[in-house]
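J.: First the structure, then my questions, so here it is.
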Amino acid sequence: MKIVIAPDSFKDSLSAQGVAEAIALGLAQVWPQATLVKCPMADGGEGTVESILAACEGELRRTRVRGPLGAPVDAAWGWLPHNHTAIIEMAEASGLQLVPTGQRDACITSTFGTGELIRAALDAGAQRVILAIGGSATNDGGAGAMQALGVKLLDAQGQPLVPGGLALAQLARLDLSELDPRLAHVRFDIAADVNNPLCGPHGASAIFGPQKGASPAQVQQLDQALGHFAELCAQALGKDVRDEPGSGAAGGLGFAAKAFLGAQFQAGVEVVAELVGLAEAVNGADLVITGEGRFDAQTLRGKTPFGVARIAKQHGVPVIVIAGTLGEGYQELYEHGIDAAFAVTSGPMTLEQACAEAPRLLRERATDIARVWQMAKLND
1 MKIVIAPDSF KDSLSAQGVA EAIALGLAQV WPQATLVKCP MADGGEGTVE SILAACEGEL
61 RRTRVRGPLG APVDAAWGWL PHNHTAIIEM AEASGLQLVP TGQRDACITS TFGTGELIRA
121 ALDAGAQRVI LAIGGSATND GGAGAMQALG VKLLDAQGQP LVPGGLALAQ LARLDLSELD
181 PRLAHVRFDI AADVNNPLCG PHGASAIFGP QKGASPAQVQ QLDQALGHFA ELCAQALGKD
241 VRDEPGSGAA GGLGFAAKAF LGAQFQAGVE VVAELVGLAE AVNGADLVIT GEGRFDAQTL
301 RGKTPFGVAR IAKQHGVPVI VIAGTLGEGY QELYEHGIDA AFAVTSGPMT LEQACAEAPR
361 LLRERATDIA RVWQMAKLND
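The sequence shown: position 52 = 52 (the working numbering), numbered continuously.
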């Protein structure tokens with residue numbers, strides 16, 4: 001019997017690798033002779049680098065860069081030497097978790113550090129850069145990242161703009177003469193599950209600005225500043241991508257990646273699945289087990305179990321989900337390739353307890369599932 005174990009991480013509890021190992025231990029209690037193939041997954045958010053490196057035997061590197069507010073941070077990124085591919089989680093350099101709650105200010109945070117990570121990848125000889133852009137603290141349209149890569153953003157007096165999205169309202173001219181020429185020879189793939197445009201009621205500022213510290217008035221100012229930035233970029237680059245799906249991802253970093261780097265967008269889970277070889281692993285399997293911390297209707301928006309199920313169904317393999325909790329609307333996933341879903345908890349328990357005891361809970365639930373599966377097969 002062959003079982004593929006392809007979960008995402010359980011946030012604040014276990015990495016995807018840890019979840020997969022716990023499930024495997026539980027299954028082995030019932031099926032000691034089974035072939036258990038562990039494929040830790042991610043959807044382009046937290047854990048993307050770790051999952052890819054675990055599957056591809058890559059290297060974890062660290063680069064000191066500017067954080068969202070300018071303070072230095074040591075940001076981790078992944079390197080796959082066999083195919084010269086860099087995997088960058090922008091949250092490592094420009095993430096919301098790097099800014100204390102009381103200091104969050106979407107008007108001044110910058111993606112400069114993310115640009116520095118891209119530059120480090122170029123220095124390593126990258127031919128492909130996978131940029132996972134979830135969890136940002138920024139709303140600067142990717143301007144900071146482009147500045148780190150050589151773009152000069154100048155005001156009416158010819159002076160460089162200060163960091164942050166609000167300063168883009170003062171932009172008078174872009175100077176592309178020092179844009180790193182190596183960028184033209186690198187393939188950029190954006191791993192994201194956000195389809196918002198850059199501006200407007202569904203844009204970066206309106207939808208994501210408040211959680212990054214923007215007041216209603218600041219949301220409007222930021223939206224106007226990003227619109228002004230997009231207009232001048234269109235004039236300088238000869239193309240306007242502000243309304244393309246995904247341009248509003250990560251406070252507009254998606255816009256800059258499309259406009260300046262020619263980046264292509266892919267669902268994060270599809271990027272990870274490609275690199276870890278999920279389709280090859282699923283081929284010939286009897287069962288796929290996936291999971292995430294919270295499994296609900298939002299999973300339909302490109303989360304890991306949804307993406308894993310799509311691949312499994314292409315091979316006619318049943319899929320079971322083990323989740324930290326089953327939330328509202330999770331039954332909708334039964335129409336999209338999920339055959340059954342189970343929560344790890346079996347009784348009253350605080351979130352803190354569940355996180356602390358996750359390895360045991362996952363093992364026990366996996367054992368329960370294996371016993372039920374075995375009983376069903378015996379009765380066939």
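The C-beta atom is built at its ideal place from N, Cα and C for all residues, glycine as well.
None of these values were measured; they are calculated from a predicted model.
Quick check on the DSSP output: what are the complete beta strand (DSSP E) runs of length 3 or more inside the stretch 130-169, in order along the chain?
T.: Segments of the beta strand (DSSP E) lying fully in the stretch 130-169: 152-154.
J.: Please confirm if F112 has its CB atom under 7 angstroms from at least one CB of chain B.
T.: Among the chains of the structure shown, chain B does not appear; only one protein chain is present.
J.: Is there contact between the stretch 353-373 and the stretch 17-31, where contact requires at least three CB pairs shorter than 8 angstroms?
T.: At 8 angstroms Cβ cutoff, the stretches touch.
J.: On the criterion of 16 or more Cβ atoms from any shown chain inside 10 Å, does E57 qualify as buried, or is it exposed?
T.: Here residue 57 is taken as the residue at index 57 of the sequence shown, counted from 1. The residue is exposed, with fewer than 16 neighbouring Cβ atoms inside 10 Å.
J.: Can you tell me the Cα-Cα spacing of W373 and M349, whole angstroms?
T.: Start at 1 with the first residue of the sequence shown, and residue 373 comes out as number 373. Start at 1 with the first residue of the sequence shown, and residue 349 comes out as number 349. If I take the Cα positions, the gap works out to 27 angstroms.
J.: Measuring CB atoms only, is the stretch 205-217 touching the stretch 256-268, in the sense that at least three cross pairs come out at less than 8 angstroms?
T.: In short, these stretches do not touch, since the Cβ pair count stays below three.
J.: Is K313 helix, strand or coil when you go by DSSP?
T.: Looking up residue 313 in the sequence shown gives position 313. In the structure shown, K313 sits in a helix (DSSP, three-state: H, G or I).
J.: Under a three-way DSSP split, which group does P72 fall into?
T.: By 1-based counting over the sequence shown, the position of residue 72 is 72. The answer is strand: DSSP assigns P72 an E or B state.
J.: For the beta strand (DSSP E) that L189 lies in, which residues bound it at each end?
T.: To locate residue 189, count along the sequence shown from 1; it is residue 189. Note on residue identity: the sequence assigns Asp, not Leu, to residue 189. Here the beta strand (DSSP E) through D189 covers R187 to A191.
J.: Is it right to say P7 is buried, meaning 16 or more other beta carbons lie within 10 angstroms of its own, or is it exposed?
T.: Position 7 of the sequence shown, counted from the start, is the residue given in the question as residue 7. Answer is buried; the Cβ neighbour count reaches 16.
J.: Taking just the CA atoms, how far does G125 sit from A249?
T.: Reading the sequence shown from its first residue, position 249 is the one you call residue 249. Reading the sequence shown from its first residue, position 125 is the one you call residue 125. Spanning the two alpha carbons is a distance of roughly 27 angstroms.
J.: Can you tell me the Cβ-Cβ gap for V308 and M41, rounded? I've got them flagged as a contact below 8 angstroms.
T.: Start at 1 with the first residue of the sequence shown, and residue 308 comes out as number 308. Start at 1 with the first residue of the sequence shown, and residue 41 comes out as number 41. Confirmed, Cβ separation roughly 6 angstroms.
J.: In this structure, does DSSP put K212 in helix, strand or coil?
T.: Within the sequence shown, the letter at position 212 stands for residue 212. Note: K212 maps to helix in three-state DSSP.
J.: Three-state secondary structure (DSSP) at W31?
T.: To locate residue 31, count along the sequence shown from 1; it is residue 31. Coil.
J.: Measuring only the C-alpha atoms, how far is L404 from A214?
T.: As displayed, the chain neither begins before 1 nor continues past 380, which places residue 404 out of reach and without an answer.
J.: Are the beta-carbon atoms of G142 and L179 separated by less than 7 angstroms?
T.: As a working note, residue 142 is residue 142 in the sequence shown. As a working note, residue 179 is residue 179 in the sequence shown. No.
J.: Could you check whether the stretch 126-142 touches the stretch 99-115, counting it as contact only if at least three pairs of C-beta atoms, one from each stretch, sit closer than 8 angstroms?
T.: Verdict: yes, contact present.
J.: So for D175, helix, strand or coil by DSSP?
T.: If you number the sequence shown from 1, residue 175 lands on position 175. Strand.
J.: Decide yes or no for the touch test of the stretch 307-322 against the stretch 261-276: beta carbon pairs closer than 8 angstroms, at least 3 of them.
T.: The answer is yes - the stretch 261-276 touches the stretch 307-322, with three or more Cβ pairs under 8 angstroms.
J.: Does the separation of the CB atoms of I88 and L36 fall below 7 angstroms?
T.: The residue labelled residue 88 in the question sits at position 88 within the sequence shown. The residue labelled residue 36 in the question sits at position 36 within the sequence shown. Cβ atoms of I88 and L36: not closer than 7 angstroms.
J.: Relative to the alpha-carbon of E59, which residue among A71, R66, A76 and G44 has its alpha-carbon at the smallest distance?
T.: The residue labelled residue 59 in the question sits at position 59 within the sequence shown. Among A71, R66, A76 and G44, the Cα nearest to that of E59 is on A76.
J.: Enumerate, from N- to C-terminal direction, the unbroken alpha helix (DSSP H) stretches of 4 or more residues contained entirely within the stretch 216-282.
T.: Listed in chain order, the complete alpha helix (DSSP H) runs (minimum 4 residues) inside the stretch 216-282 are 216-237, 253-261, 268-276 and 278-282.
J.: If the criterion is Cβ atoms closer than 7 angstroms, does the pair G327 and D296 meet it?
T.: By 1-based counting over the sequence shown, the position of residue 327 is 327. By 1-based counting over the sequence shown, the position of residue 296 is 296. In contact: G327 and D296 (Cβ atoms closer than 7 angstroms).
J.: Can you check which of these residues, E46, T109 and I118, is closest to L161 by C-alpha distance?
T.: Looking up residue 161 in the sequence shown gives position 161. It is T109.
J.: For F295, which beta-bridge partners are listed by DSSP?
T.: Locating residue 295 in the sequence shown gives position 295, counting from the first residue. Answer is L326, bridged to F295.
J.: F188 and L237 - do their beta-carbons sit closer together than 7 angstroms?
T.: Numbered from its first residue, the sequence shown carries residue 237 at position 237. Numbered from its first residue, the sequence shown carries residue 188 at position 188. Cβ distance not < 7 angstroms, so L237 and F188 don't count as in contact.
J.: Between the alpha carbons of L351 and V344, how many angstroms are there, rounded?
T.: Residue 351 sits at position 351 when you count from the first residue of the sequence shown. Residue 344 sits at position 344 when you count from the first residue of the sequence shown. Distance between the alpha carbons of L351 and V344: 12 angstroms.
J.: Within 10 Å of its beta-carbon, does M375 have 16 or more other beta-carbons around it, so buried, or fewer, so exposed?
T.: Along the sequence shown, one-based indexing puts residue 375 at 375. It is exposed - the Cβ of M375 has fewer than 16 other Cβ atoms within 10 Å.
J.: Roughly how far, in whole angstroms, is the beta-carbon of A106 from the beta-carbon of L222, given that I think they are within contact range, below 8 angstroms?
T.: On the sequence shown, position 106 is the one that residue 106 refers to. On the sequence shown, position 222 is the one that residue 222 refers to. Indeed they touch by this definition, with Cβ atoms about 6 angstroms apart.
J.: Assign S177 to one of two classes, buried (16 or more other C-beta atoms within 10 Å of its C-beta) or exposed (fewer than that).
T.: Locating residue 177 in the sequence shown gives position 177, where the first residue counts as 1. The residue in question, S177, is exposed, as its Cβ has fewer than 16 Cβ neighbours within 10 Å.
J.: Would you grab the beta carbon distance between P318 and S247 for me? Rounded to a whole angstrom, and I think it's under 8 angstroms.
T.: Position 318 of the sequence shown, counting from 1, holds the residue named residue 318. Position 247 of the sequence shown, counting from 1, holds the residue named residue 247. 38 angstroms between Cβ atoms; not a contact.
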